[in-house]
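Visitor: If you read the protein sequences in the order shown, they are chains A and B. Just so it is clear: in the first sequence, position 67 is 70 by my numbering, and no numbers are missing. Just so it is clear: in the second sequence, position 224 is 227 by my numbering, and no numbers are missing. For each residue, glycine too, the CB sits at the ideal point set by N, CA and C. Everything numeric in this text was worked out from a predicted model, so none of it was measured.
Number of protein chains: 2
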Amino acid sequence: MPNSDLVERAINTLRFLSADAVQTARSGHPGLPMGAAAMAYVLWTRHLRFDPSDPDWPDRDRFVLSAGHGSMLLYSLLHLTGYNLPLEQLKQFRQWQSQTPGHPERGLAPGVETTTGPLGQGFANGVGMAIAAEHLAAMYNRGERAIVDHRIFGIVSDGDLMEGVSHEAASLAGHLRLGRLIYLYDDNRITIDGSTDLAFTEDRAARFEAYGWHVQRVSDGNDLGAVDRALTAAESDPRPSLIVCRTHIGYGLPTRQDTKEAHGEPPGEEELAGAKRKLGWPLEPWFLIPEDVRRHFETSADRGRQAHRTWRELFEAYRSEHPDIATQFERALAAELPAGLDSLLPEFAPDAKGMATRVASGKTLAAVAPALPELIGGSADLTPSNKTDIPGEPPFSAENRAARYIHFGVREHAMGGILTGLALHGGLIPYGGTFLIFSDYMRPTIRLAALMGAPAIYVFTHDSIGLGEDGPTHQPIEHLPALRAIPHLSLIRPADANETAQAWKLALERRDGPTALALTRQNVPTYDRARYGSAAGVARGAYVLADLFPGDGKASRLPDVILMASGSEVEIIVKAADELTAGGSSVRLVSFPSWDLFVNQPEDYQQSVLPPQVRARVSIEASAPLGWEMWVGDLGEAIGLHEFGASAPYQAIYLGLDLTPQRVVQAARRSLERAAAMAVRP
Amino acid sequence: MPNSDLVERAINTLRFLSADAVQTARSGHPGLPMGAAAMAYVLWTRHLRFDPSDPDWPDRDRFVLSAGHGSMLLYSLLHLTGYNLPLEQLKQFRQWQSQTPGHPERGLAPGVETTTGPLGQGFANGVGMAIAAEHLAAMYNRGERAIVDHRIFGIVSDGDLMEGVSHEAASLAGHLRLGRLIYLYDDNRITIDGSTDLAFTEDRAARFEAYGWHVQRVSDGNDLGAVDRALTAAESDPRPSLIVCRTHIGYGLPTRQDTKEAHGEPPGEEELAGAKRKLGWPLEPWFLIPEDVRRHFETSADRGRQAHRTWRELFEAYRSEHPDIATQFERALAAELPAGLDSLLPEFAPDAKGMATRVASGKTLAAVAPALPELIGGSADLTPSNKTDIPGEPPFSAENRAARYIHFGVREHAMGGILTGLALHGGLIPYGGTFLIFSDYMRPTIRLAALMGAPAIYVFTHDSIGLGEDGPTHQPIEHLPALRAIPHLSLIRPADANETAQAWKLALERRDGPTALALTRQNVPTYDRARYGSAAGVARGAYVLADLFPGDGKASRLPDVILMASGSEVEIIVKAADELTAGGSSVRLVSFPSWDLFVNQPEDYQQSVLPPQVRARVSIEASAPLGWEMWVGDLGEAIGLHEFGASAPYQAIYLGLDLTPQRVVQAARRSLERAAAMAVRP
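1) Relative to the alpha-carbon of P528/A, which residue among E502/A, R543/A and A542/A has its alpha-carbon at the smallest distance?
2) Excluding the 5 residues flanking L245/A on each side, which residues of the same chain have their C-beta closer than 7 Å to its C-beta?
3) Applying the criterion that 16 or more other CB atoms from any shown protein chain within 10 Å of the CB defines a buried residue, is S382/B buried or exposed?
4) Between the alpha carbons of E147/B and R65/B, how many angstroms are there, rounded?
5) Would you list the one or two residues that DSSP bridges to S2/A?
6) Is the Cβ of Q609/A closer than 9 Å to any Cβ of chain B?
7) Can you name the residues of chain A whose CB is closer than 8 Å to the CB of H311/B?
8) Tell me where the alpha helix (DSSP H) around R306/A begins and ends.
9) How would you call L286/B, buried or exposed, if buried means at least 16 neighbouring beta carbons within 10 angstroms?
10) Assign A172/B to one of three DSSP states: helix, strand, or coil.
11) Look at the alpha carbon of P341/A and the alpha carbon of T386/B, and state the distance between them as a whole number of angstroms.
12) Got a sec, what are the start and stop residues for the beta strand (DSSP E) L139/B sits in?
13) Taking the C-alpha atoms as reference points, what is the distance between S442/A and V462/B?
14) To which residues of the same chain is K366/B closer than 7 Å at the C-beta, ignoring the five residues directly before and after it?
15) Out of curiosity, what's the CA-to-CA distance linking K94/A and L68/B?
16) Let me confirm a value: L566/B is counted as buried when at least 16 other C-beta atoms fall within 10 Å, else exposed. Which label applies?
17) G343/A: buried (16+ other C-beta within 10 angstroms of its C-beta) or exposed?
18) Label D305/B either buried or exposed according to how many other C-beta atoms from any shown protein chain fall within 10 Å of its C-beta, with 16 as the threshold for buried.
19) Using a Cβ-Cβ distance under 9 Å, would T663/A count as near chain B?
20) So A506/A and P497/A are in contact, right, with Cβ under 8 Å, and what is the actual spacing, rounded?
21) Output, in sequence order along the chain, the residues in the segment 412-424 of chain A whose CB is closer than 9 Å to any CB in chain B.
22) For the segment 600-661 of chain B, list the beta strand (DSSP E) runs that are entirely contained and at least 3 residues long, ordered along the chain.
23) Would you check if the segment 196-204 of chain A and the segment 419-437 of chain A touch, i.e. whether three or more CB-CB distances between them fall below 8 Å?
24) With 8 Å as the C-beta to C-beta threshold (strictly closer), list the residues of the segment 436-448 of chain B near chain A in chain order.
25) Can you give me, in chain order, the residues of the segment 116-128 of chain B that have a beta carbon less than 9 Å from any beta carbon in chain A?
26) Provide the residue span of the alpha helix (DSSP H) that contains Y44/A, from first to last.
27) Please classify A498/A: does DSSP put it in a helix, a strand, or coil?
28) Drop a sphere of 10 angstroms on the beta-carbon of L658/A, count the other beta-carbons inside from all chains shown, and report buried for 16 or more, exposed for fewer.
29) Among the residues of its own chain, which have a CB less than 8 Å from the CB of F318/B, if the five just before and after it don't count?
30) Could you tell me the alpha carbon to alpha carbon distance between R232/A and H178/B, rounded to whole angstroms?
31) On a CA-only basis, which of V668/B, A172/B and D23/B is nearest G271/B? Give me that one, please.
32) State the Cα-Cα distance for the pair M42/A and H153/A, rounded to the nearest angstrom.
33) Taking all protein chains shown into account, do 16 or more other C-beta atoms lie within 10 angstroms of the C-beta of D531/A, making it buried, or fewer, making it exposed?
34) Using the beta-carbon of each residue, which ones in chain A are nearer than 7 Å to A459/B?
35) Looking at R207/B: is its Cβ nearer than 9 Å to the Cβ of V247/B?
36) Anything in the segment 639-659 of chain B with a Cβ closer than 9 Å to a Cβ of chain A? List those residues in chain order, please.
See the structure below:
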């Protein structure tokens, strides 16, 4: 056991590395690192099991800094314990292209398990990681060979506990008895507006007890022994744990400790010097790391390195005893799909009546799930509507950890954060369903998944006014463009059953970000691919469904007009094309399930689908048409909805809001006239 | 006291009107109305104070059906108690253009206080209404003249209690001790996926006690006396109340009671007949309302009518004693602004250094607030950043009901729902601040405010990469287009301090929907309006800031190229124009703060700003550029961001992501070339 002077200096090193970096950047949050350094020290040096030389070791404990504004605490810990994060990077805190941005971003500094900052998100990610740990342990551990046996630790703040997403996630974590989840609550009683007395006086401990958590109180967050004992108790409790640690924001700052100013402002050089004096720290040099402190932190990581070595031996023994399952484990961790997945995808026969794409999605899931043990998912209490169930699969629960169907409850936001956590953990491909309208409830997590490249799959059904009678409160209007605007999110809105199977294939194959599927409630025709382009065209985002020429044959010339649509509205352009070709125009039909996939195609492919010479163009989508101008151009028309929907049988709504083949025909004729007028100019 | 047979038949009338309507529509949710009819009956006939002949009576109690899928229960109550909602409308449930959509929509059937359906939203709206009731009571009541003395009642469901927004709102309601708020919790233990045991096993009562609520349990929701006593106890408790009523979903259905199938599916004719037999109800006719039941419900509304008469007398006395404050009360309820508000708007002198538009927003608020006692608002714990405080205004709290600054805590979603509730209540103009990035946390409430036309004001600061060091987790990219896509939401992104004052004016004047202000963290120049177009142009969405011609003078001809931008990027086009005019091109600068306002202008105004002949156009916005193609056209270029932001001082980010005058100049030159090439075609 190191002597207490060394420990105190180790903790002060965390405090002042953090404060020096904030002051150097003249920007950042010194309060949390200074207040929570002691509990973080205990966690990292005595409990958290990690190997800085292999940040991806599958059986490492995960650490989630849900209060991401305390990023400098994490960067300081990573540097001191030996991760490949040079001191120079700490000095470049919050600077262009450093590894140390204002809030921790997975993929920049090694050891950052999840991108945090928007409050409550890390909390939910951790719940997802804990589900992953429990589920993988049940799937893979064999007798004494517990190759999956780790915990999820985190630091959460007042803000995290106020955000609704944490309430949702905590309620589910309690229900599922996720004993591998242990959160230290940095109870500093200060938020940006001032004292928590202004807005946050609930009994947090009682609330978490009501969720079924194990709650402990540490009256002094600087009491290392008390934090240590609480962590030890938490580790042996079968429930998720919240350890309420009373801390002092900006601990040590002579005038700012316990004030809101300590939260998010550099202390100023004088105040910082005052803190150093108060805590007996040398005023110079800044970014001081005493040699014995450095050795102490590095030594503390030996625990994890040793555990990693032991685990490697364990895994070798496991592999020799259970070669098949070991191979599967490694394959899943490497995010490699099993061979032959394509052959499992259902093929749907042409059918004018067709089926809802949500139904095709369910059939695709049922077809691939047996071959994909890494697939885990569920629904935010819309299983029968989303068709997200896996046939025969029981609910994941406290009693059945091996099961892989998650009833998230009516908790879309937590579901999003949990899916991200499952994806980040590794070894699993997570999906979750809700109505497209409720993508709004989970947008903060969708964007973070996109930002950190987490391959979660969102199954958004009931994707338009086509949901019918539930009415405008449940009918997405703005949601397709709102999702398209998120960088790195792939959005696919398949037109029929076979496009749906292809969309699932793309979602499952994606490694570097999330995919959202927008699926119909209502039936759509299953197109005859002998007549139309292959559904594999989904992979290119947009593709030619057909070139239709009046009369008998095809011509080699370009069509007069391009009709394009996504999802259920492809049926409308198919019908419109009949009338237009009957009227003597040649028509290209373009199925346009995904803008992002199309944008990523080479320009020559894009131009082969949308030839620049063909300027008569019409798009139709049961959605706000925002952005379709990009594809239809100045002479084209983008048909969509500028108003909310309505409550009625869906056919009546399509008619009432005039999303009809006739409207497409009229728009096409106008566009053809404009194009002709341009062409007439000699 | 009516005899129990009549009461039982009255309750069965509610049940079967609802079930008949669902079965007739072959769509809808019979379970809640059948299970909760008894408690709704007690509430509406013995507690709720309303006058069906005047649904807008200011001192009525409000009823919120947060579980909006139970809409038929509400429609049945409204019809039976004498609101102007004919039986024919109940028979038209969920049909095109009926007053009885799938989920209740404010503005269609009289007596619907808020649009509900997306779960948790009504819960938060009710908290807003309760704040309004407390605040207006403190503002206006004088001695015994309590002209504001009403309560907010509601029915909430499992789904409501699972959604994070309800957790947030409940925590704040408990903190604020909103004793006027009383929710009946329809504890039917069934959700769409099945038993609540699947996902929702927290101790709900203990959770609400932890929030500081008064919690009661009624073990049989059909026990009228028990419900009645609990409501009476709730009414005398100073805390918000949750009455946990154990009910049975689809009560009476022979095979579906207590099953998930009862929730959202028509029972089928046979099952419905079975329920009628079981509860002793005639099989025919459907939509049966026994004459004595009709009289009974109508009579029960007499209580409210009498209260309304008494209130009118009270108000007359109040008016004669307190004429000024009575006039103010009536003015505020009529949503009329005081005369002369324009003259209070600050005017900001030209200043190259300028100020952040969030600062200008704060100054505008400070200038108008004294003249606008109906203004009430706050921030989701970002007061110092959002500049949303009203100077000298203390926090609204349990101890100070007259104060009008609300510390919402880190609860953006609840804030949104509360703002809507405040707006719906009447007599107040609510606003709330957070970072633009966190508009994602409140999107479900923003869209509902837009759908129901609630004039809430959102103060979204830190509106781009211009927020700098906090990094991509906090930098909006997709948020401007995502908000623009919401019908009926007005989004204004002012370019400087004077545009900000004008934006506030428009937001305050708006009656029929919400307004979002997107404001900078960083300084922007305050433009010289002697040189540039008046900032009053904000009202038209886009306006000509200047036409700049090379050399000395202006010419009457059209400019060669149009540069357009919103907010902080106007500074960039102003700089780009210098270089372009120096190079010999004439340039129109268009400030484009609001697409929705511009779209609503007459076409001739639109064309006067963006003449169709001028096809060389460039837009720039520090945002995903989705949709700008509409304004720049085929020959123009829309400069924006297709990637997430970065953590660095903001000037470094603008440079690093190349949002610069040079880029605009280059784009303009390319666009000019394209336009020239078109013009050359003889």
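Guide: Taking the coordinates as given:
1) Nearest C-alpha to P528/A: E502/A.
2) For L245/A, where only same-chain residues beyond five positions count, the Cβ hits under 7 Å are Y186, Y188, F211, W216 and V218.
3) A buried status is given to S382/B, since no fewer than 16 other beta-carbon atoms sit within 10 Å of its beta-carbon.
4) Note on geometry: alpha-carbon atoms of E147/B and R65/B lie some 22 Å from one another.
5) Outside the displayed range of chain A (4 to 685) lies residue 2/A, so it cannot be described from this structure.
6) Nearest CB-CB separation between Q609/A and chain B: not below the 9 Å threshold.
7) By Cβ distance, chain A contributes nothing, its closest Cβ being about 30 Å from H311/B, past 8 Å.
8) Taken as a continuous stretch (DSSP letters only), the alpha helix (DSSP H) holding R306/A covers D305 to E324.
9) That one is exposed.
10) Residue state, collapsed to three classes: helix.
11) Whole-angstrom Cα-Cα distance: 52 Å.
12) Careful: L139/B lies outside any beta strand (DSSP E), inside the alpha helix (DSSP H) at Q124 to Y143.
13) For S442/A and V462/B, the distance between alpha carbons rounds to 23 Å.
14) Apart from the 5 residues on each side of it in sequence, K366/B sits with its Cβ closer than 7 Å to the Cβ of P349 in its chain, given in chain order.
15) Between K94/A and L68/B, the C-alpha separation is close to 55 Å.
16) Flag for L566/B reads buried.
17) So G343/A ends up on the exposed side.
18) By the 16-neighbour rule on beta-carbons within 10 angstroms, D305/B is exposed.
19) Answer no: the Cβ-Cβ gap between T663/A and chain B never drops below 9 Å.
20) Yes, they are in contact, since the Cβ atoms of A506/A and P497/A sit about 5 Å apart, within 8 Å.
21) Along the segment 412-424 of chain A, going in chain order, the ones with a CB nearer than 9 Å to a CB of chain B are G412, V413, R414, E415, H416 and A417.
22) Taking only runs of at least 3 residues, the beta strand (DSSP E) segments lying wholly in the segment 600-661 of chain B are 619-623 and 640-642.
23) No contact exists between the segment 419-437 of chain A and the segment 196-204 of chain A.
24) Listed in sequence order: I440, F441, D443, Y444, R446 and P447.
25) Cβ contacts with chain A: T118, T119, G120, P121, L122, G123 and Q124.
26) Annotation for Y44/A: the continuous alpha helix (DSSP H) segment containing it runs G34 to V45.
27) DSSP places A498/A in coil when its eight states are reduced to three.
28) Burial call: exposed.
29) Excluding residues within five positions, the ones whose Cβ falls inside 8 Å are I150 and A329.
30) Going by the C-alpha atoms only, they are around 32 Å apart.
31) The option with the nearest alpha carbon to G271/B is D23/B.
32) When rounded, the separation of the alpha-carbon atoms in M42/A and H153/A is 20 Å.
33) So D531/A ends up on the exposed side.
34) Correct list: empty, because the minimum Cβ distance to chain A is about 16 Å.
35) Contact flag set, yes.
36) Hits within the stretch, in order: A641, L644, H645, E646, F647, A649, S650, A651, P652, A655, I656, L658 and G659.
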